[in-house]
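These protein sequences, in sequence, are chains A and B. Under my numbering, think of the first position of the first sequence as 79, with each following residue one higher. Under my numbering, think of the first position of the second sequence as 79, with each following residue one higher. Taking it in order: structure first as structure tokens, then the write-up.
Protein chains: 2
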Amino acid sequence: MTGSPRVTLSNRLLSVLPPQSRRRFLADCEGVELEFGAVICQPGDRIRHVYFPTQSFISLVTTLDDGARLEVGIVGNEGMLGTSLLLGVNASPHLALVQGAGAALKMSATAFMDALERHPPLRQQLNRYIHVLLSQLAQTAACTRYHLIEARLARWLLLTRDRAHGDRFNLTQEFLAYMLGVRRAGITSAASELHERGLISYVRGEITILDGEGLQRASCRCYQQGNRTYEQTLGKHMR
Amino acid sequence: MTGSPRVTLSNRLLSVLPPQSRRRFLADCEGVELEFGAVICQPGDRIRHVYFPTQSFISLVTTLDDGARLEVGIVGNEGMLGTSLLLGVNASPHLALVQGAGAALKMSATAFMDALERHPPLRQQLNRYIHVLLSQLAQTAACTRYHLIEARLARWLLLTRDRAHGDRFNLTQEFLAYMLGVRRAGITSAASELHERGLISYVRGEITILDGEGLQRASCRCYQQGNRTYEQTLGKHMR
DNA sequence: CGCGGTCTGTACGGCAGCGCTCATAGCGGC
DNA sequence: GCCGCTATGAGCGCTGCCGTACAGACCGCG
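And the structure:
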């Protein structure tokens, strides 16, 4: 989990707050270290805390009645966990799984609700983030339906790179297969292909992105499309 | 589009409004008839009106950069179109397509925003509806990924029945294939199978559900799971 | 240094769904 | 009553992925 860690110790959503409000907000937060693989909440769980990842990132996984699971989103320092509170619902719609260990800001649900009252622009910003989540969820659904494993894997690696703030991170193929909802063998062959093209290297759970540009060409355009959605909706309100 | 039309001329979300507020709200609405196949808005379009279907229903379709399309949700008299306005975003995330012709309430975006100010409980309710949309979107993504065409078709027919308020409705296999993101031939064989089991009849674009119970057994559990999500989140606030 | 656990590479049969194409059957219009 | 259009049914070869299984490679630990 090294690489070139541009020191982005903050969360992008919070950048809408003017400095003094921001300090006040941060005072209500607790800095925590999230451990890889930790389950922050199960679907249906009461939401007791919200999280603003700074260096860590979290997978949103949906669960079907028959036990099938699929990752439907990733939350890094561009997003937050616990958006349902904004919608007046105190229950998590997804399973939240720490996928990249690291720092995050943690805040109690009650403090969060208070902060929303105090800072209307923050509420606005977070509402817009929900809109982005909704759009990206739909895009991801279609991507999962239509695109080949290799393209989806490439996209996924790019998403992870952006949130890990580095070109190297630790992930087993087993885990990747789980996230993309495919067989491990499928990941092996897709990863081999990307490796042969010189785009990544892969050694026992440590992935390194060698050629980000090339990886974008190997991925489906869903990667760019998702980024575009984010920037169009939230970009103009942030520094 | 006949069947046994239980006369549900209203929209379930609006049932949170007390009678007088409700009359006031309805006064700002225009009753319209939506035509089959009409495109209400394209992704990215500015939202000028919101819609509360009463007898009609609308498909939400997501579009990828490479042109691929997939239906990700259906809005009938249990929902609304234009939720993004609640999130402070004046752009539609999806393509909205009239899938069942019929009546709907239409309201201008500005009048809608005013109404939200006047009726906080309505805003609350609609926020909760967004939560349901989010949950169902994720479920649908996983369903699309894992389940066979036949089960997905059965689920889709049940969703449509609930929104068409009757066991008979008009739909070509071509259209169904488009919605589920599969070949028409795939629909043909799945529909034949359901037909042979005596669950539906299918004659030139007119589908009749003969055995709803059986169809539920043929469908994936996603149908029930979606209904459960809706009831748990919104049910207790409605009559 | 050997051993068990973990991770990755590979192979094989099977199948759901794909793209494509053509045949058949209703239906409405003239 | 004929014609053209539209909707459905069906066939064929292909392929991406599945389920499963097994072998090699690398790691840490005793």
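Don't be surprised by glycine CBs; every beta carbon is placed ideally from N, CA and C. Every value quoted in this text rests on a predicted model; they were computed, and no experiment measured them.
Residue range of the alpha helix (DSSP H) that residue i falls in?
i: B:F103; result: P97 to A105
i: B:R262; result: R262 to E274
i: A:E291; result: G290 to A296
i: B:Q302; result: C300 to L312
Grouping DSSP H, G and I as helix and E and B as strand, with all else coil, what is residue i?
i: B:L226; result: coil
i: B:P83; result: Here B:P83 scores only 46 on pLDDT, less than 50, and its place in the model is too uncertain to base an answer on.
i: A:M191; result: helix
i: B:S88; result: coil
i: B:M257; result: helix
i: B:H209; result: helix
i: B:S186; result: strand
i: A:V167; result: coil
i: A:Q251; result: helix
i: A:P198; result: helix
i: A:H243; result: coil
i: A:Q120; result: coil
Give a yes or no on whether the C-beta atoms belonging to residue i and residue j are separated by under 9 Å.
i: A:V167; j: B:N205; result: yes
i: B:A216; j: A:L148; result: yes
i: B:C119; j: B:L173; result: yes
i: A:G304; j: A:Q214; result: yes
i: A:L212; j: B:L211; result: yes
i: B:G157; j: B:P121; result: no
i: B:V139; j: B:A219; result: no
i: A:G259; j: B:Y224; result: yes
i: B:H273; j: B:S186; result: no
i: A:L164; j: A:I208; result: yes
i: A:N248; j: A:G290; result: no
i: A:L68; j: A:L183; result: The displayed coordinates of chain A run from 79 to 317. Any statement about residue 68 of chain A would go beyond what the structure contains.
i: A:Q202; j: A:H315; result: yes
i: A:A181; j: A:G115; result: no
i: A:H197; j: A:L95; result: yes
i: B:E111; j: B:A179; result: yes
i: B:R275; j: B:G292; result: yes
Which residues share a DSSP beta bridge with residue i?
i: B:T141; result: B:R147
i: B:V128; result: B:M185
i: A:V153; result: A:I136
i: B:L159; result: B:Y129
Going by DSSP, what residue range makes up the beta strand (DSSP E) through residue i?
i: B:F114; result: Premise fails: B:F114 is in no beta strand (DSSP E) and is neither H nor E.
i: A:E284; result: E284 to I287
i: A:N248; result: R246 to N248
i: B:Q177; result: L173 to G178
i: A:S279; result: I278 to V281
Stretch-stretch touch, CB-based, cutoff 8 Å, three pairs: the segment 290–297 of chain A with the segment 234–246 of chain A: By the Cβ rule, the segment 290–297 of chain A counts as touching the segment 234–246 of chain A, because three or more pairs are nearer than 8 Å.
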